[in-house]
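Colleague: Order-wise, the sequence lines are chains A and B.
Take 1 as the starting number for the first sequence in this note's numbering and just add one per residue.
Take 1 as the starting number for the second sequence in this note's numbering and just add one per residue.
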Amino acid sequence: MSQRTAIGGGSRPSLRRGARRHFDAVRNQNVLQGPERIIVLDEIGCAILDLCDGGRRVEEISALLAARYQGDAAEIEADVTGFLQELADKGLVSA
Amino acid sequence: MNAIAPAGPPLALLAELTHRCPLQCPYCSNPLEMVRAAGERDTGFWMRVFDEAAALGVLQVHLSGGEPTLRGDLEALIRHATSRGLYANLITSAVLLDAARVRALAEAGLAHVQISIQGAEAATADRIGHYRGGHEKKIAIARAVNDAGMALTVNAVMHRQNLHQLGAMIDLAAELGAGRLEVAHTQYHGWALRNRASLIPSLEAVKAADALVAERRAALEGRLVIDYVAPDYYANQPKTCMGGWGQRFLNVTPDGRVLPCHAAETIPGLEFERADDRPLAEIWRNGAAFMRFRGTDWMQEPCTSCALKEVDWGGCRCQALAMAGDASAADPVCGRSPRHAALGERAMAEAAAPPPEFAYRRFGK
Chain A
1 MSQRTAIGGG
11 SRPSLRRGAR
21 RHFDAVRNQN
31 VLQGPERIIV
41 LDEIGCAILD
51 LCDGGRRVEE
61 ISALLAARYQ
71 GDAAEIEADV
81 TGFLQELADK
91 GLVSA
Chain B
1 MNAIAPAGPP
11 LALLAELTHR
21 CPLQCPYCSN
31 PLEMVRAAGE
41 RDTGFWMRVF
51 DEAAALGVLQ
61 VHLSGGEPTL
71 RGDLEALIRH
81 ATSRGLYANL
91 ITSAVLLDAA
101 RVRALAEAGL
111 AHVQISIQGA
121 EAATADRIGH
131 YRGGHEKKIA
141 IARAVNDAGM
151 ALTVNAVMHR
161 QNLHQLGAMI
171 DLAAELGAGR
181 LEVAHTQYHG
191 WALRNRASLI
201 PSLEAVKAAD
211 ALVAERRAAL
221 EGRLVIDYVA
231 PDYYANQPKT
241 CMGGWGQRFL
251 NVTPDGRVLP
261 CHAAETIPGL
271 EFERADDRPL
281 AEIWRNGAAF
291 MRFRGTDWMQ
301 EPCTSCALKE
311 VDWGGCRCQA
321 LAMAGDASAA
331 DPVCGRSPRH
341 AALGERAMAE
351 AAAPPPEFAY
361 RRFGK
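Next comes the structure, spelled out in structure tokens:
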């Protein structure tokens, strides 16, 4: 049995099998779908997942977003880590 | 006429492709009067339903039955649903699958497979499903689903004859590499209602199961998601059945009728329209069966004045009918229902007596 996925700065996250992104044109929103799960993604959530290709590390993803949104790097890394940990605990992200 | 708020779009469609099934589980959610093979709809029908469902706002399609893998067109249906942006989920007993077909389903675009298990070991599981060799086959196919790169859920329907194996069933799901386990206490409709005395556990056994699930869920966080469907006969608060009648969910039967829930046919006086007679969107928005219990205007006391009426939406209509004789009554599971105490007493009395033989789920009676 696998161990719990713990997201840290060195993790290389990607969508887990069964997790799929979709643009819901009827409700005009982005969603992440998984087994019996539908999660609505805001712009930041989409921007984070766009960068999760299984190669980039969380600290690289956070640095790219900090540059793009001109935010505090440490704060953004904490947000990114929290977001991805929540998705990992829902079984939608692996690292 | 009461004002009923217009319905938002549904999120999920349960497509009951067939009622045929090699298993005979005594708690099957199919109706007692099942649709025979000759009444089933063809590939083109289901493709049109998926087109209309996607346009209406459905995001997930659950391919179910009976046993959906009996349909030779399953791959074509998955391919079509996926091409419309629907998230395709297969609900299967797995006993008719082999590794090659599992790979073909994955290639067609299937995202997620739910495999039912009836127990933790073959003797118990095969007796409950009334299918020799079934348990062993399920385990092999669960591994094949993993190998094919699809998400795996293990579905465990619990009752007095397998509840003692719950811990071992959780272990089995984790060992099989499932990302999700659904531990669902039997809901007493259809076949399960007929077999209730053979299935209903004691209050003590239910409390032990609640505690076990809470403990294992915490221990397995981040490795195995455990969704738990509580046994509502011993509850005080009814379940939010279907997320509210006609609010999130629709069901299409093997012969093409559109239902607000899979058990809705038990309610007399409701007429169900066919998806080939009227657009799905119109049935959803304006169909009489969907309007009948949508919102809160149909309610009577104690629901009308209840602060939770838009939380649980009065609970389950089919259970209200079956237990209270009135589909508009409060779900008798609710502590505010005048029938609540009698329900719990009856459950405890049945659970205390020896279980009768199963009436297995079969065509004809």
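From the three backbone atoms N, C-alpha and C, an ideal C-beta is built for every residue, glycine too.
Please read these numbers as outputs of a predicted model, since none were measured by experiment.
If the cut is a Cβ gap below 8 Å, which residues of chain A does residue 57(B) touch?
Modeller: The contacting residues are 24, 26, 27.
Colleague: Roughly how many whole angstroms lie between the Cα atoms of residue 17(A) and residue 348(B)?
Modeller: So the alpha carbons of these two residues sit roughly 43 Å apart.
Colleague: Between residue 87(B) and chain A, is there a C-beta pair that is closer than 9 Å?
Modeller: For residue 87(B), the answer is yes, since a Cβ of chain A falls inside 9 Å of its Cβ.
Colleague: Run the CB neighbour count on residue 356(B), radius 10 Å, all protein chains shown included, and call it buried at 16 or more, exposed below.
Modeller: By the 10 Å Cβ count, residue 356(B) comes out exposed.
Colleague: Where does the unbroken alpha helix (DSSP H) through residue 265(B) begin, and where does it stop?
Modeller: First-last for residue 265(B): undefined, no H or E at that position.
Colleague: Give me, in chain order, the residues of the same chain whose beta-carbon lies closer than 7 Å to that of residue 244(B); leave out the 5 immediate sequence neighbours on both sides.
Modeller: Cβ neighbours of residue 244(B) beyond the five flanking positions: 313.
Colleague: Which residues in chain A sit within 7 Å of residue 225(B), going by Cβ to Cβ distance?
Modeller: In chain order: 90, 91.
Colleague: If I follow the unbroken beta strand (DSSP E) through residue 87(B), where does it start and stop?
Modeller: Residue 87(B) -> beta strand (DSSP E) spans 87–92.
Colleague: So the candidates are 285(B), 192(B), 167(B); which of them puts its Cα closest to the Cα of residue 248(B)?
Modeller: When each option's Cα is compared against that of residue 248(B), the closest is 285(B).
Colleague: Please determine if the stretch 111–127 of chain B and the stretch 35–44 of chain B are in contact, where contact requires at least 3 C-beta pairs separated by less than 8 Å.
Modeller: With a cut-off of 8 Å, the stretch 35–44 of chain B and the stretch 111–127 of chain B do not count as touching, because too few Cβ pairs lie within range.
Colleague: Within 9 Å (strictly less), CB to CB, does residue 9(B) reach chain A?
Modeller: Closer than 9 Å: yes.
Colleague: What three-state label does DSSP hand residue 35(B) in the structure shown?
Modeller: If DSSP states are grouped into helix, strand and coil, residue 35(B) belongs with coil.
Colleague: Residue 318(B) and residue 189(B) look like a contact to me (Cβ under 8 Å); what is the Cβ gap, rounded to whole Å?
Modeller: Yes, they are in contact, since the Cβ atoms of residue 318(B) and residue 189(B) sit about 5 Å apart, within 8 Å.
Colleague: Quick check: what's the CA-CA separation for residue 31(A) versus residue 358(B)?
Modeller: Their Cα atoms are separated by approximately 43 Å.
Colleague: Please work out which residues of its chain come closer than 7 Å, Cβ to Cβ, to residue 76(B), disregarding the five sequence neighbours upstream and downstream, and give them in chain order.
Modeller: So the list reads 43, once near-sequence residues are dropped.
Colleague: Look at the Cβ atom of residue 58(A), then the Cβ atom of residue 80(A), and state whether they are nearer than 9 Å.
Modeller: It is a contact, given that the beta carbons lie within the stated cut-off.
Colleague: 9 Å is my cut-off, CB to CB: does residue 18(A) come that close to chain B?
Modeller: Residue 18(A) counts as touching chain B.
Colleague: Can you look up residue 276(B) in the DSSP assignment and give me helix, strand or coil?
Modeller: If DSSP states are grouped into helix, strand and coil, residue 276(B) belongs with coil.
Colleague: What residues in its chain sit with their C-beta under 7 Å from that of residue 146(B), if we drop five residues either side in the sequence?
Modeller: So the list reads 152, 177, once near-sequence residues are dropped.
Colleague: Name the chain A residues that come within less than 7 Å of residue 149(B), Cβ to Cβ?
Modeller: By Cβ distance, chain A contributes 17.
Colleague: Step through the CB atoms of chain B and report whether any lies within less than 9 Å of the CB of residue 38(A).
Modeller: Chain B, which has a Cβ nearer than 9 Å to the Cβ of residue 38(A), makes this yes.
Colleague: What does residue 153(B) pair with, by DSSP beta-bridge criteria?
Modeller: Answer is 114(B), 180(B), bridged to residue 153(B).
Colleague: Who are the Cβ neighbours of residue 122(B) in its own chain at under 7 Å, not counting the five residues just before and after it?
Modeller: Correct list, in chain order: 135, 136.
Colleague: At which residue ranges does the stretch 267–326 of chain B contain complete alpha helix (DSSP H) runs of 4 or more residues, listed in the order of the chain?
Modeller: Those alpha helix (DSSP H) runs which fall completely within the stretch 267–326 of chain B and span 4+ residues are 280–286, 288–292.
Colleague: Does residue 111(B) get closer than 9 Å to chain A when you measure Cβ to Cβ?
Modeller: At least one chain A Cβ lies under 9 Å of residue 111(B).
Colleague: Here's the rule: buried if 16 or more other CB atoms are within 10 angstroms of the residue's CB, otherwise exposed. What is residue 301(B)?
Modeller: Burial call: exposed.
Colleague: To the nearest angstrom, how far is it from the Cα of residue 365(B) to the Cα of residue 250(B)?
Modeller: Residue confidence for residue 365(B) is low, a pLDDT of 49 falling below 50, so the modelled location carries little weight; the figure read from the coordinates is stated next. Approximately 28 Å between the Cα atoms of the pair.
Colleague: Just to confirm the assignment, what range does the alpha helix (DSSP H) spanning residue 357(B) have?
Modeller: From DSSP, residue 357(B) is part of no alpha helix (DSSP H); its letter is neither H nor E.
Colleague: Can you give me the C-alpha to C-alpha distance between residue 8(A) and residue 83(A), rounded to a whole angstrom?
Modeller: Going by the C-alpha atoms only, they are around 11 Å apart.
Colleague: Once the 5 residues before and after residue 1(A) are set aside, which same chain residues still bring their CB inside 6 Å of it?
Modeller: Confidence in residue 1(A) is poor, its pLDDT being 48 and thus under 50, which makes the residue's placement unreliable; the coordinate value appears in the next sentence. Taken in chain order, the list of residues that qualify is empty.
Colleague: Suppose you measure from the CA of residue 208(B) to the CA of residue 160(B); what does that come to, to the nearest Å?
Modeller: Their backbone Cα atoms lie some 12 Å apart in a straight line.
Colleague: If we define contact as Cβ-Cβ less than 9 Å, is residue 5(A) a contact residue for chain B?
Modeller: Output row for residue 5(A): interface = yes.
Colleague: Which residues of chain A have a Cβ atom closer than 8 Å to the Cβ of residue 244(B), listed in chain order?
Modeller: Residues of chain A passing the Cβ test: none, with the nearest at roughly 16 Å.
Colleague: Please list the partners that residue 80(A) has in chain B, where partner means a Cβ-to-Cβ separation under 7 Å.
Modeller: By Cβ distance, chain B contributes nothing, its closest Cβ being about 17 Å from residue 80(A), past 7 Å.
Colleague: Exposed or buried, residue 4(A), counting other C-beta atoms within 10 Å across all chains shown (16 or more means buried)?
Modeller: Residue 4(A) is exposed by the Cβ-count criterion.
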